[in-house]
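Please read the structure below before turning to the comments.
Residue numbers (my numbering): 19 to 198.
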């Protein structure tokens with residue numbers, strides 16, 4: 019698979035240089051889907067940008083989403099014409115934008131799209147994620163038809179979690195990267 023078709027979807031405020039998503043870009047040549055406004059994200063704008071990038075891809079794509087990027091993936095999947103191009107999606111530490119405290123910070127992102135995804139997916143949740151309980155992460159995985167991985171007590175599975183290059187997370191992409 020063309021590594022530039024492995025699309026990194028950061029969450030709110032983007033992923034900094036020590037985040038596993040940024041490390042994977044440097045290590046493997048994956049491509050970040052750049053958004054116009056990382057600080058004041060608009061669901062429609064982010065979804066339109068993802069639609070453009072997937073539509074322009076020269077072959078199948080993999081989605082590698084973190085936090086709000088997971089919520090974006092579900093919303094986009096419910097509306098896209100390009101779902102057939104997605105070989106799989108790794109959804110890590112979804113932010114629960116339906117919670118009042120988070121919804122207030124990210125207006126326009128609730129409700130979360132809860133239909134089954136039209137492509138295979140794996141959701142990784144943490145036992146002590148401050149933005150999404152493990153039970154809610156399991157419920158989202160179930161609604162989306164995604165496999166579920168309990169990552170243990172790892173916070174929001176971001177740079178502050180000390181994951182480094184996060185090889186165990188990267189291994190979850192392997193089945194979708196094999197030639198077909």
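Where a beta carbon is used, it is the ideal one built from N, C-alpha and C, also for glycine.
Per DSSP, which residues does residue i bridge with? Please list them.
i, result
"residue 83", "27, 109"
"residue 140", "108, 165"
Please state whether DSSP places residue i in a helix, a strand or coil.
i, result
"residue 77", "coil"
"residue 50", "strand"
"residue 183", "coil"
"residue 6", "Since the displayed the chain opens at 19 and closes at 198, residue 6 lies outside it and no answer follows."
"residue 125", "coil"
"residue 146", "coil"
"residue 135", "coil"
"residue 171", "coil"
"residue 61", "helix"
How would you label residue i, buried or exposed, when you count the other beta carbons within 10 angstroms and need 16 or more for buried?
i, result
"residue 84", "buried"
"residue 112", "buried"
"residue 59", "buried"
"residue 28", "buried"
"residue 22", "exposed"
"residue 191", "buried"
"residue 145", "exposed"
"residue 99", "exposed"
What whole-angstrom Cβ distance do residue i and residue j have, given they're in contact under 8 Å?
i, j, result
"residue 86", "residue 30", "5 Å"
"residue 61", "residue 126", "5 Å"
Is the Cβ of residue i closer than 8 Å to any Cβ of chain B?
i, result
"residue 108", "Annotation note: the requested chain B is absent from the structure, which comprises a single protein chain."
Check whether the stretch 31-41 touches the stretch 93-101, counting contact only when three or more Cβ pairs, one atom from each stretch, lie closer than 8 Å.
No, the stretch 31-41 is not in contact with the stretch 93-101.
Using 8 Å as the threshold, is the stretch 121-138 in touch with the stretch 155-164, meaning 3 or more CB pairs across them?
Three or more Cβ pairs drawn from the stretch 121-138 and the stretch 155-164 lie within less than 8 Å of each other, which places the two stretches in contact.
Is there contact here, the stretch 174-185 with the stretch 98-112, by at least three beta-carbon pairs under 8 Å?
Contact between the stretch 174-185 and the stretch 98-112 is present: three or more C-beta pairs spanning the two stretches fall below 8 Å.
Under 8 Å: do the stretch 138-148 and the stretch 115-130 share three or more Cβ pairs, one atom per stretch?
Touching, no, given that fewer than three Cβ pairs across the two stretches are closer than 8 Å.
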